[in-house]
Amino acid sequence: AGGTPVFSKAWFEATGARLDQSTKTPFMSTGAYVLDSFDYNRRVVYARDPDFWGAKNPFNIGRNNFDRIRVEYFADSSAAFEGFKSGAYTFRTETSSQSWATGYDFPGIQQGHVKREEIPDGNVGTHLSWVFNLDLEKWQDPRVRQAVEMMFNFAWSNKTLFYGLYQQPASFWPGTDLAATGVPDEAEKALLQPLVDEGLLPASILTDEVAVPAAHEAETNRPSRRIMRAAGALLDEAGWTTGEDGLRRKDGKVLDLVIIQRDPLYDRAINPFIENLANLGIQGRLERVDTAQYVERRRSGAFDLANQAFDMGFEPSAGLEQWFGSKTADDSSRNLMRLRDPAVDKIIETVVAAQTLDELKPSVRALDRVLRSVRFDIPLWYSDKTWVAYYDIFRHPETLPPLAVGEMDWWWYDAAAAERLKAAGALR
Numbered sequence: 002a003g004g005t006p007v008f009s010k011a012w013f014e015a016t017g018a019r020l021d022q023s024t025k026t027p028f029m030s031t032g033a034y035v036l037d038s039f040d041y042n043r044r045v046v047y048a049r050d051p052d053f054w055g056a057k058n059p060f061n062i063g064r065n066n067f068d069r070i071r072v073e074y075f076a077d078s079s080a081a082f083e084g085f086k087s088g089a090y091t092f093r094t095e096t097s098s099q100s101w102a103t104g105y106d107f108p109g110i111q112q113g114h115v116k117r118e119e120i121p122d123g124n125v126g127t128h129l130s131w132v133f134n135l136d137l138e139k140w141q142d143p144r145v146r147q148a149v150e151m152m153f154n155f156a157w158s159n160k161t162l163f164y165g166l167y168q169q170p171a172s173f174w175p176g177t178d179l180a181a182t183g184v185p186d187e188a189e190k191a192l193l194q195p196l197v198d199e200g201l202l203p204a205s206i207l208t209d210e211v212a213v214p215a216a217h218e219a220e221t222n223r224p225s226r227r228i229m230r231a232a233g234a235l236l237d238e239a240g241w242t243t244g245e246d247g248l249r250r251k252d253g254k255v256l257d258l259v260i261i262q263r264d265p266l267y268d269r270a271i272n273p274f275i276e277n278l279a280n281l282g283i284q285g286r287l288e289r290v291d292t293a294q295y296v297e298r299r300r301s302g303a304f305d306l307a308n309q310a311f312d313m314g315f316e317p318s319a320g321l322e323q324w325f326g327s328k329t330a331d332d333s334s335r336n337l338m339r340l341r342d343p344a345v346d347k348i349i350e351t352v353v354a355a356q357t358l359d360e361l362k363p364s365v366r367a368l369d370r371v372l373r374s375v376r377f378d379i380p381l382w383y384s385d386k387t388w389v390a391y392y393d394i395f396r397h398p399e400t401l402p403p404l405a406v407g408e409m410d411w412w413w414y415d416a417a418a419a420e421r422l423k424a425a426g427a428l429r
């Protein structure tokens, strides 16, 4: 409910505006900021509403400290970083480990005009992954998906490419007590057993350790012989055998794989993965597409693998159906993998029906366990810290909220510091 917007019915009736139609006219809102100006594909500027109804309410005292908030748009992440270095904007959340580890040596940093911080993030970690398009026949067999997943060497990627800054998100609730661990406890078994009895889950779900990504060595990208043999055996069992040319075929069709991507920053992780696929006899290919093509191909299912970021919460509920429910497999941008699994649907119903934390936690762990057993994705990386860089014109309390950076709530603007940076030529 906290994320549900509230709109004025009277305003819509008076203006004739509709929620199902595009418009350049901003809706009447109830927040502390209103739209001040915009330039399509370039920037949006918000201004603090001097007549904000909640300004004097106790829970807003000390919040909403900025008169104006300007959001700048760039063509890609590289252009955005260059814009920050030149002072085109003054607050940046960094998402690239390479930039964070090596890129912050520009004059603004060296002269003390720009600060950077690693702020602990107590939220549920984002489960970033490449998801399979389960509508395609070649990805129907979980053994094939598992074999492909085994070709991504996170340990090497993290050490060599990401400067050791990441962890791999095995769970969809990484870093929390909602993540499934080990074998299911009695509370989980009570939820899983009926699904086993119905034939919706294998009996092994009750006794096996929860599925985790393959454990690779960090010294080389190439998977160990043990992993290669195991992955090859899975493909053999699934009917994808190696021909004289070294390629995997089944019913005369070569096992190929296309990853669609719009951000060149992913190339350094994708290309070594494709090399490992080739060693297994799989033809992998990266296809660079623009944003419009990327959105359309994800929508239409014209891909084998595509990025997806699963952002879960501490109290998941009906929103899980958008992420994992069979009903949304054809039209939800969240259920990008087109997952249709009756067992998952039933566990989601249990999660939604939970009335207490004692009911919620085991049901979420059971869901996490089953989702991971399906192996519909290849877990990539996440960080339990938020990396922020900003010009030295902002201040924040020494202790920040554990679940947010709080830049929009608790930070404030230091006008004197801004004047010093302007005098030094650090700000435009």
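All the letters of the sequence shown, read from the start, carry residue numbers 2 to 429 under our numbering.
Glycine included, C-beta positions come from ideal geometry on N, C-alpha and C.
### Query
With C-beta atoms as the reference, is A89 less than 8 Å away from R69?
No, Cβ-Cβ distance for A89 and R69 is not below 8 Å.
### Message
Using a Cβ distance threshold of 8 Å, determine whether the region 130-146 contacts the region 371-383, with at least three qualifying pairs required.
### Response
Per the Cβ contact rule, the region 130-146 is in contact with the region 371-383 (3 or more Cβ pairs under 8 Å).
### Endpoints, beta strand (DSSP E) assigned at I70
It spans 69-73 - the beta strand (DSSP E) in which I70 sits, taken as one unbroken run.
#### Entry: Backbone CA spacing between D331 and S301 [nearest angstrom]
Put simply, the backbone Cα of D331 is about 9 Å away from that of S301.
### Query
Which residue comes first and which comes last in the beta strand (DSSP E) that contains V389?
Residues 386-392.
### Query
Which residues does DSSP pair with E118 in a beta bridge?
Its beta-bridge partners are V389.
### Query
Alpha carbon to alpha carbon, what distance is there between A344 and H217?
Approximately 31 Å between the Cα atoms of the pair.
### Message
Checking the sheet assignment: what are the DSSP bridge partners for H128?
### Response
According to DSSP, which records beta bridges pairwise, H128 is partnered with F311.
### Query
Roughly how many whole angstroms lie between the Cα atoms of T177 and T5?
Roughly 25 Å between the two C-alpha positions.
### Query
Which whole-angstrom value is the C-beta distance of A181 and R44, which I expect to be below 8 Å?
Beta-carbon to beta-carbon, A181 and R44 are separated by about 43 Å, too far to satisfy the 8 Å threshold.
### Message
Quick check: the Cα distance between D142 and F107, rounded to an integer number of angstroms?
### Response
Between D142 and F107, the C-alpha separation is close to 49 Å.
### Query
Can you name the start and end residues of the beta strand (DSSP E) that G285 belongs to?
Residues 284-289.
### Message
On the criterion of 16 or more Cβ atoms from any shown chain inside 10 Å, does I348 qualify as buried, or is it exposed?
### Response
Under a 10 Å Cβ-count criterion, I348 is classified as buried, with 16 or more other Cβ atoms of the shown protein chains found around its own Cβ.
### Task
Count the other C-beta atoms from every protein chain shown that fall within 10 angstroms of the C-beta of S172, then say buried if there are 16 or more, exposed otherwise.
With 16 or more Cβ atoms within 10 Å of its Cβ, S172 is classed as buried.
### Message
Rounding to the nearest angstrom, what Cα-Cα distance links T26 and L368 in this structure?
### Response
Taking the straight line joining both Cα atoms gives about 42 Å.
### Min CB distance K254 to chain C below 8 Å
The structure shown contains no chain C, having only a single protein chain.
### Beta-bridge pairing of L258 - partner residues as DSSP gives them
L258 is bridged by DSSP to G285.
### Segments of 4+ residues assigned as alpha helix (DSSP H) that fall wholly inside the region 287-362
For the region 287-362, whole alpha helix (DSSP H) runs of length 4 or above, ordered along the chain, are 292-301, 321-325, 343-354.
### Query
In chain order, what residues of the same chain have a beta carbon less than 6 Å from the beta carbon of F53, not counting five sequence neighbours either side?
Answer for F53: A33, listed in chain order.
### Query
Helix, strand or coil: how does DSSP classify V35 here?
The answer is strand: DSSP assigns V35 an E or B state.
### Message
For A270 and W12, what's the separation of their Cα atoms in angstroms?
### Response
A270 and W12: Cα-Cα distance of roughly 49 Å.
### Rounded separation between M338 and A307 - CA only
Each residue's alpha carbon lies about 9 Å from the other.
### Integer-rounded CB distance, given that D385 should sit under 8 Å from P121
Approximately 7 Å separates the beta-carbon atoms of P121 and D385; this is inside 8 Å, confirming the contact.
### Query
Within 7 Å: the Cβ of K10 and any heavy atom of the ligand MG?
What this structure holds is no ligand at all, so the ligand MG is not there to describe.
### Message
Is it the case that the region 397-408 contacts the region 147-162, given that we only count it when at least three CB pairs across the two stretches are under 8 Å?
### Response
No, they do not touch.
### Message
Is the beta carbon of L248 closer than 8 Å to that of V255?
### Response
In this structure, the beta-carbon distance from V255 to L248 falls below 8 Å.
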